[in-house]
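**Q**
As structure tokens, then:
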């Protein structure tokens, strides 16, 4: 794409999921080139983006070809193996975030070691290879404990809450069998979950978004309230500073999401992601600069946009597939009921429990907004 | 594109300009199918949209092929000839707006006749074929007068302000030579120009946006301030009611833009457009539902979204090409200077005076917003 008589920079996003779809949407007004490496022509982003390379988004040959057509490579997910990233960098590809930063989003064990070095508040944890290690650890923290795959997982899962040695034994055996390294963490007694997002450019500029409340169920993000209602200002500032420190220390380029537990003693770091994140979908309508636009500006080393909020509160609820695939039939009723609500569909085939879209609503009263977003999500799932 | 297991409706937009580009952007979250019929692969919309048919966007064979792949056809411009529209309807294509409505946007003479029948305030006017007709008319209104091509035009123009008989003679001769029918209108003594947009669905639902002030220079829209500052509430309501009445009476489906003159005696209708319009680009950031989303909802007969404003004022300024094509080089400085400002680039080659994008800024003080938008537009043109 050429805006002007000289070429404009072009970003290639590895992976064709909904994050790439929404990043494409943000690339249109910016007028920058935007390409996607998608596995299939029906990937969420491939359905809408003009410039798609089909291929294996984790395999070196396809990534090398893709990299040649882009000034900068960035990622829809964390699944490109580290050795592949190394070869890409060796071949001269500009990865943003780079491999040195990405490994902390790919490996939870490395992330815990580094976060503690940096003085970030973390749950108690240790690497484990046997059920005896887990039992030893639980003797100090009490059961239940949380087992996590450091990288990858099995059966599509990477986090297991186990109540006792017998439960731990099942996970350790299956993970070991699948070659998945594990760590154990204390189950943090939190009052709620929070998240904070920050963008960082290669130049070192940062832009931090307000701390949000995230509501998870069965390990899936269901709702986000921005900003987190009633959050103590000091705690909010501390969380934002923490995210900025992590972004600088880990050398993140692009968006960083820090998922946190709010506890009586303060916030505790749960997970990191170095890409646009579900906890930031609210920014499309709720902030002057969406996380998708901000990610593009950051990876292209453009000046960052204002992360200022547009309304007092913004609430987002994920749309999960239900038993009846006719989402579009129900969509019309949701639109008619609430003309202020924004529905985002990702073009994905409906399967029970699968994220197929989200809804967003902006206003003054977060209780009312949450009720409306929840109703729409339930109705679209076929439950209301 | 399929969101669900049953097909979702698909809109085809005829023409690949920036209006189609921004409508594509709005189609992504809605999850509806969106195709473009573009003349070349470097058309503004063809650069970003996944689903493009290349062809002649005014020729029946290409339009018939295009229509087969879409549930609904809509338009980026008014240039599809009326006989072609008739054949498309005869072949079963669903045109929204339909041919009966579109002719009032295509033919200024028909529009004036119909608008007067409906009691809409219009400038004095008459159809003219000779310079004597113009002189007779001007004897009643005084010079200068405005000559308009009822359809089409010549030298890329369709409106001429002429000061005397000699000036009129040049236009009449050239228009007659080119087979262009003319009308003459009084030059309205207006205090400023206004515009109002309304969406109408086949079901008959309407959603009206606030009346905006438009600043034109050399016949090109330069700036829009939404809502029009200091506009008398009664006048604003009257303009909105007028737009709604016109939309119903003309059977418009989709967006209708009514361009108005504000005079001492009230508002006077200048022009109509039945598509997303430059006077509504501010709605992308400034309203809950952008004109592009609203147009899609209307042509698909979906419930309309809220046209409510997001901030107190939104100001838009068009970006026109200047002498130096390196817009992107200057873009970075504009972003750095004003992180709240949104730049939209259309992917068009820079030529002096050509619309290549726009900027938008939302806030409380319209004087400050206008200054910022103007500065950005001038800087991007290479003038500041």
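Chains as they are written, first to last, in the UniProt record's numbering: chain A, 1 to 384; chain B, 1 to 384.
Every residue gets a Cβ at the ideal spot worked out from N, C-alpha and C, and that includes glycine.
So, residue 302 (chain B) versus residue 260 (chain B), is the Cβ gap smaller than 8 angstroms?
**A** Residue mapping note: residue 302 (chain B) aligns to position 302 of the second chain, counting from 1. Residue mapping note: residue 260 (chain B) aligns to position 260 of the second chain, counting from 1. Contact flag unset, no.
**Q** Exposed or buried, which one is residue 179 (chain B) when buried takes at least 16 other CB atoms within 10 Å?
**A** As a working note, residue 179 (chain B) is residue 179 in the second chain. By the 10 Å Cβ count, residue 179 (chain B) comes out exposed.
**Q** If we define contact as Cβ-Cβ less than 8 angstroms, is residue 373 (chain A) a contact residue for chain B?
**A** Translated into the one-based positions of the first chain, residue 373 (chain A) becomes position 373. Output row for residue 373 (chain A): interface = no.
**Q** When the distance is taken between beta carbons, is residue 298 (chain B) closer than 8 angstroms to residue 200 (chain B)?
**A** Reading the second chain from its first residue, position 200 is the one you call residue 200 (chain B). Reading the second chain from its first residue, position 298 is the one you call residue 298 (chain B). In contact: residue 200 (chain B) and residue 298 (chain B) (Cβ atoms closer than 8 angstroms).
**Q** Would you say residue 48 (chain A) and residue 28 (chain B) are within 8 angstroms of each other, going by their C-beta atoms?
**A** Looking up residue 48 (chain A) in the first chain gives position 48. Looking up residue 28 (chain B) in the second chain gives position 28. It is a contact, given that the beta carbons lie within the stated cut-off.
**Q** Ignoring anything shorter than 4 residues, give me the alpha helix (DSSP H) runs that lie fully in the segment 203–250 of chain B, in order along the chain.
**A** 233–250
**Q** Can you have a look at residue 240 (chain B) and say buried or exposed, based on whether 16 or more other CB atoms are within 10 angstroms of its CB?
**A** Position 240 of the second chain, counted from the start, is the residue given in the question as residue 240 (chain B). Buried is the call here.
**Q** Verify whether the separation of the beta carbon atoms of residue 62 (chain A) and residue 56 (chain A) is less than 8 angstroms.
**A** Counted from its first residue, the first chain places residue 62 (chain A) at position 62. Counted from its first residue, the first chain places residue 56 (chain A) at position 56. Cβ distance < 8 angstroms, so residue 62 (chain A) and residue 56 (chain A) count as in contact.
**Q** Going by Cα to Cα distance, which pick from B:362, B:103 and B:279 is closest to residue 310 (chain A)?
**A** In the first chain, counting from the first residue as 1, residue 310 (chain A) sits at position 310. The shortest C-alpha separation from residue 310 (chain A) is found at B:362.
**Q** Could you work out which residues of chain A lie near residue 225 (chain B), taking near to mean beta carbons separated by less than 8 angstroms?
**A** Locating residue 225 (chain B) in the second chain gives position 225, where the first residue counts as 1. Under the 8 angstroms cutoff, chain A gives no residues; its nearest Cβ is about 19 angstroms from residue 225 (chain B).
**Q** For residue 351 (chain A) and residue 321 (chain A), which I take to be in contact (beta-carbon distance under 8 angstroms), what is that distance rounded to the nearest angstrom?
**A** Reading the first chain from its first residue, position 351 is the one you call residue 351 (chain A). Reading the first chain from its first residue, position 321 is the one you call residue 321 (chain A). With a Cβ gap of about 5 angstroms, residue 351 (chain A) and residue 321 (chain A) count as contacting.
**Q** Considering only residues of the segment 99–164 of chain B, which uninterrupted alpha helix (DSSP H) runs meet the minimum length of 4 residues and lie entirely inside it, listed in chain order?
**A** 99–106, 108–117 and 131–141
**Q** Which same chain residues end up closer than 7 angstroms to residue 290 (chain B) when comparing Cβ atoms and leaving out the 5 residues on each side of it in sequence?
**A** The residue you call residue 290 (chain B) lines up with position 290 of the second chain. Around residue 290 (chain B): 26, 283 and 284.
**Q** Give the DSSP-derived three-state secondary structure of residue 381 (chain A) in the structure shown.
**A** Walking along the first chain from the start, residue 381 (chain A) turns up at place 381. Of the three classes helix, strand and coil, the one that applies to residue 381 (chain A) here is helix, per DSSP.
**Q** Can you give the Cα-Cα distance for residue 46 (chain A) and residue 38 (chain A), rounded to whole angstroms?
**A** For this step, residue 46 (chain A) is matched to residue 46 along the first chain. For this step, residue 38 (chain A) is matched to residue 38 along the first chain. Taking the straight line joining both Cα atoms gives about 6 angstroms.
**Q** Does the beta-carbon of residue 376 (chain A) have 16 or more other beta-carbons within 10 angstroms, so that it is buried, or is it exposed?
**A** In the first chain, the residue the question calls residue 376 (chain A) occupies position 376. Buried: at least 16 other Cβ atoms inside 10 Å.
**Q** Buried or exposed for residue 349 (chain A), please, with buried defined as at least 16 other CB atoms from any protein chain shown within 10 angstroms of its CB.
**A** Taking the first chain and counting its residues from 1, the one referred to as residue 349 (chain A) is at position 349. That one is exposed.
**Q** Give me the chain B residues within the contact set of residue 50 (chain A), using Cβ-Cβ distance strictly less than 8 angstroms, ordered along the chain.
**A** Counted from its first residue, the first chain places residue 50 (chain A) at position 50. Here the neighbours are 46, 47, 48, 49, 50 and 52.
**Q** Considering only DSSP beta bridges, list what residue 7 (chain B) is partnered with.
**A** For the purposes of this step, residue 7 (chain B) is identified with residue 7 of the second chain, where counting begins at 1. Note: residue 7 (chain B) sits in no beta bridge, so no partner.
**Q** Between residue 316 (chain A) and residue 360 (chain A), what straight-line distance do the alpha-carbon atoms span, to the nearest angstrom?
**A** Numbered from 1 along the first chain, position 316 holds the residue referred to as residue 316 (chain A). Numbered from 1 along the first chain, position 360 holds the residue referred to as residue 360 (chain A). Near 4 angstroms, if we compare the C-alpha coordinates of residue 360 (chain A) and residue 316 (chain A).
**Q** Determine whether the beta carbon atoms of residue 280 (chain A) and residue 197 (chain A) lie at a separation below 8 angstroms.
**A** Here residue 280 (chain A) is taken as the residue at index 280 of the first chain, counted from 1. Here residue 197 (chain A) is taken as the residue at index 197 of the first chain, counted from 1. Yes, the pair counts as a contact, with Cβ atoms nearer than the cut-off.
**Q** Tell me which residues share the same chain as residue 385 (chain A) and place their Cβ nearer than 6 angstroms to its Cβ, disregarding the 5 neighbours each side in the sequence.
**A** Residue 385 (chain A) is absent from the model: chain A starts at 1 and stops at 384.
**Q** Considering only residues of the same chain and omitting the five flanking positions on each side of residue 19 (chain A), which have a CB-CB separation below 7 angstroms?
**A** The count along the first chain starts at 1 and reaches residue 19 (chain A) at position 19. Excluding sequence neighbours, residue 19 (chain A) sits near 76, 275 and 276.
**Q** Give the range of the beta strand (DSSP E) segment to which residue 263 (chain A) is assigned.
**A** In the first chain, residue 263 (chain A) corresponds to position 263, counting from 1. Element bounds for residue 263 (chain A): 254–263.
**Q** Relative to the C-alpha of residue 130 (chain A), which candidate in A:300, A:167 and A:8 has its C-alpha closest?
**A** Here the question's residue 130 (chain A) lines up with position 130 in the first chain. For residue 130 (chain A), the nearest C-alpha among the options comes from A:167.
**Q** Mapping DSSP to helix, strand and coil, what is residue 280 (chain A)?
**A** Taking the first residue of the first chain as 1, we reach residue 280 (chain A) at position 280. Correct three-state label for residue 280 (chain A): helix.
**Q** Would a C-beta distance cut-off of 8 angstroms place residue 236 (chain A) and residue 258 (chain A) closer than the cut-off?
**A** If you number the first chain from 1, residue 236 (chain A) lands on position 236. If you number the first chain from 1, residue 258 (chain A) lands on position 258. No, these two residues do not count as a Cβ contact at 8 angstroms.
**Q** With DSSP collapsed to three states, give me the class of residue 331 (chain B).
**A** One-based indexing of the second chain puts residue 331 (chain B) at position 331. Secondary structure of residue 331 (chain B) (DSSP, three-state): helix.
**Q** How big is the Cα-Cα spacing for residue 247 (chain A) and residue 212 (chain A)?
**A** As a first step, residue 247 (chain A) must be located in the first chain, where it is residue number 247. As a first step, residue 212 (chain A) must be located in the first chain, where it is residue number 212. The straight-line gap separating the alpha-carbon atoms of residue 247 (chain A) and residue 212 (chain A) is approximately 18 angstroms.
**Q** Can you name, in chain order, every residue of its own chain whose Cβ lies under 7 angstroms from the Cβ of residue 346 (chain B), other than the five neighbours on each side?
**A** Residue numbering aside, residue 346 (chain B) sits at position 346 when the second chain is read from its first letter. Excluding its 5 nearest sequence neighbours in each direction, residue 346 (chain B) has C-beta neighbours in its own chain below 7 angstroms: 18, 21, 44, 356 and 357, listed in chain order.
**Q** State the Cα-Cα distance for the pair residue 252 (chain A) and residue 83 (chain B), rounded to the nearest angstrom.
**A** Here residue 252 (chain A) corresponds to residue number 252 of the first chain, with the count starting at 1. Here residue 83 (chain B) corresponds to residue number 83 of the second chain, with the count starting at 1. About 59 angstroms.
**Q** Taking only three categories from DSSP, how would you classify residue 347 (chain A)?
**A** Translated into positions along the first chain, residue 347 (chain A) becomes position 347. In this structure, residue 347 (chain A) counts as coil in the three-state DSSP scheme.
**Q** Pop quiz: residue 313 (chain B) and residue 226 (chain B) are said to be a contact at Cβ under 8 angstroms. What is the actual Cβ separation, rounded to whole angstroms?
**A** In the second chain, counting from the first residue as 1, residue 313 (chain B) sits at position 313. In the second chain, counting from the first residue as 1, residue 226 (chain B) sits at position 226. Confirmed, about 7 angstroms.
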